[in-house]
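Report on the following structure.
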Amino acid sequence: MATYAIGDVQGCYPELRRLLDKLHFDPAADKLWFCGDLVNRGGESLATLRLIHGLREHCIVTLGNHDLSLLAIALRKPEAQAKVNAELREVLFAEDAPVLFDWLRSQKLLHHDEQLGWTMIHAGLAPTWTLRQAQKAAQEVERELSSPRHPRILRNLFGNRPAGWSSRLQGLDRHRATINLLTRMRYCDVNGRIDFESKDMPGTQRPGLYPWFEVPGMRRRETRIVCGHWSALGRFAGLGVFAIDTGCVWGGQLTALRLDGEEPQYITVAAEPHRKRIPGAD
C-alpha cells in the first residue's frame with residue numbers, strides 16, 4: 001500500500017493520467033492526496049474533476065484558491081458564469097456539475113495523518129499557528145463549506161483583508177483570513193501579514209518579507225508538510241516542508257511525492273508539449 005501526494009493539476013488531465021500510470025496506482029491498495037488547484041488553465045478541468053471524483057473513495061483533497069473560486073462562480077447567475085473562460089464554463093454547465101460541486105465543497109483545507117506524520121495544505125500556515133490551531137481554523141471553514149450556509153462564505157470569499165491571523169477575529173473575517181493563509185499565502189512579514197503580490201522565487205521579494213515557512217520566530221510544528229500553490233518555488237524540500245507545485249500547467253512537470261516510505265520519493269511526468277514554459281508564472 002502506497003500513499004502519494006500530487007501537486008497542482010490545474011486541469012492537466014493527460015499528465016494526471018500518465019502520472020497515475022507511472023505510479024501503477026492501484027485503487028484497491030493505494031491512496032492519493034491532492035494538494036489543491038485541481039482546476040483552471042490546463043484545458044481539461046471537467047475531465048480532471050470527473051477522474052478524481054470517480055476515485056473519491058481513495059483520495060484526499062485539500063482545496064486550493066482556484067477550486068474555491070470555481071465554487072464561488074458556481075453561485076453566480078448563468079449570464080455571469082458565461083463570462084468566465086471556456087474551460088470553467090465547461091464545468092459550470094456540465095450535466096453532473098451539481099454532483100461535482102457538492103463533492104468539492106465537502107473536501108478539506110488541511111489534512112493531517114498522525115500515523116504517517118504528514119500534513120497537507122495547499123499554500124501556507126500562519127507563523128503563529130500550532131498544528132492544532134491550524135486544524136481548528138481549517139475545520140471551522142470546512143464545516144461552513146459543507147453546510148447549507150455555504151453561499152454566505154463563498155459570496156464573501158474574495159478580498160485581501162484580513163491579511164493575517166488574530167485569535168480575536170470572528171465570523172466572515174476569521175474565515176477569510178483562514179482561507180487566505182491556507183490557499184493564497186507565499187510570503188508574509190514577521191507578524192504573519194500576507195503579501196499578495198509577490199509570487200516569484202525566494203530572493204526576489206521585498207525586504208521584510210519571508211517565505212511563510214522561514215519567518216523568524218515561527219512556531220515549531222512536529223509534522224512534515226506537503227503543499228503546492230507556488231510554481232515559481234518549484235520542487236522544494238527544507239524545514240520540514242515539501243513543496244510539489246512544479247508548474248505542469250506552465251510547461252514544467254506534474255509531481256507526486258510518496259509519503260509512506262522511510263524517505264519521501266519523487267515521481268514526475270513532463271508536461272504535454274503544447275504547454276509553454278512561462279518563468280515565474282503562477
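With the UniProt record's numbering, letter number 24 in the sequence shown gets 24, and the count goes up by one each step, no holes. All C-beta atoms in this analysis are idealised placements derived from N, C-alpha and C, irrespective of residue type, glycine included.
Query raised in the report: What three-state label does DSSP hand W33 in the structure shown?
Result: strand
Query raised in the report: Once you ignore the five residues that flank E44 on each side, which residues in its own chain have a CB closer than 8 Å to its CB?
Result: G11, C12, Y13, P14, E87
Query raised in the report: Can you list the beta strand (DSSP E) stretches of 3 or more residues lying completely in the stretch 178-250, in chain order?
Result: 224-227, 236-238, 241-243
Query raised in the report: Cα separation between G124 and A134?
Result: G124 and A134: Cα-Cα distance of roughly 10 Å.
Report task. Identify the continuous beta strand (DSSP E) that holds W118 and give its terminal residues. Result -> W118 -> beta strand (DSSP E) spans 118-120.
Query raised in the report: Going along the chain, which residues of its own chain have a beta-carbon closer than 8 Å to the beta-carbon of Y187, five neighbours each way excluded?
Result: I194, D195, S198, Q205, L209, Y210, P211, W212
Requested in this report: Kindly indicate which residue of G192, E272, A177, D37 has the alpha-carbon position closest to the one of I6.
Outcome: D37
Query - Through-space distance from C248 to R89, alpha-carbon basis - result: 22 Å
**Report entry** Neighbourhood of K22 by C-beta, 7 Å cutoff - its chain only, sequence neighbours within 5 removed
**Finding:** I267, V269
Report task. Alpha carbon to alpha carbon, how far is K136 from R76? Give it in angstroms, no decimals. Result -> 30 Å
Report task. Please state whether DSSP places Q115 in a helix, a strand or coil. Result -> coil
Query raised in the report: How would you write the range of the alpha helix (DSSP H) that A256 sits in, first residue to last?
Result: From DSSP, A256 is part of no alpha helix (DSSP H) but of the beta strand (DSSP E) over 253-258.
Requested in this report: Output the boundary residues of the beta strand (DSSP E) element that contains T62.
Outcome: Premise fails: T62 is in no beta strand (DSSP E) and is neither H nor E.
**Report entry** Under the three-state DSSP convention, the category A270 falls into
**Finding:** In the structure shown, A270 sits in a strand (DSSP, three-state: E or B).
Report task. Let me know if P127 comes out buried or exposed under the rule of 16 or more other beta-carbons within 10 Å of its beta-carbon. Result -> buried
Query raised in the report: Would L244 pass as a contact of G228 if the rule is Cβ separation under 8 Å?
Result: The sequence as given places Ile at residue 244; Leu does not occur at that position. Yes, Cβ-Cβ distance for I244 and G228 is below 8 Å.
Requested in this report: Could you please give me the residues that DSSP links to I6 through a beta bridge?
Outcome: F34, A256
Query raised in the report: Which residue spans inside the stretch 93-176 form an unbroken alpha helix (DSSP H) run of at least 4?
Result: 97-105, 131-145, 150-155
Query raised in the report: Looking at V99 and D67, is the spacing between their C-beta atoms short of 8 Å?
Result: no
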